[in-house]
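At position 3 of the sequence shown the residue is numbered 210 (the working numbering), and the sequence of numbers has no breaks.
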Amino acid sequence: MCIDQELLEIICCPDTHQDLSLISVRQLGLLNDAQKIGDLIRREGNAVEYNLSGGLIREDGEVVYPIREGIPVLLSEEAIILSEDLKVEFFKDS
208 MCIDQELLEI ICCPDTHQDL SLISVRQLGL LNDAQKIGDL IRREGNAVEY NLSGGLIRED
268 GEVVYPIREG IPVLLSEEAI ILSEDLKVEF FKDS
């Protein structure tokens with residue numbers, strides 16, 4: 208997934224205003240694997256019901272905003288909260 212660098216420099220988390228960065232292909236795979244088994248949960252408490260085409264992770268590593276069909280979804284209720292287990296895998300070897 209490619210997002211224009213200029214766009215990345217101006218967008219931020221709508222809640223905390225922290226910087227966002229593009230997740231890696233490996234991290235995207237982890238998210239989509241978790242989604243398939245129902246372990247990927249949005250802030251509102253419902254499971255994510257679609258495969259992500261990418262994601263933007265908040266600077267503190269707690270939240271990922273999905274990219275659907277190439278469009279970043281920067282809505283607070285759509286934010287994906289990373290579980291502790293997923294965070295461990297997410298940041299392994301980084």
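Every residue gets a Cβ at the ideal spot worked out from N, C-alpha and C, and that includes glycine.
By a C-beta neighbour count over all protein chains shown, 10 Å radius and 16 as the cutoff for buried, is Y257 buried or exposed? exposed
Would DSSP call V255 helix, strand or coil? coil
If you follow the alpha helix (DSSP H) that I217 is in, where does it begin and where does it stop? 212-217
Mapping the DSSP letters down to three states, classify R320 as helix, strand or coil. Nothing about residue 320 can be read from this structure; the chain reaches only from 208 to 301.
Report the residue from K243, V280, G261, I288 whose alpha carbon sits nearest the alpha carbon of I218. V280
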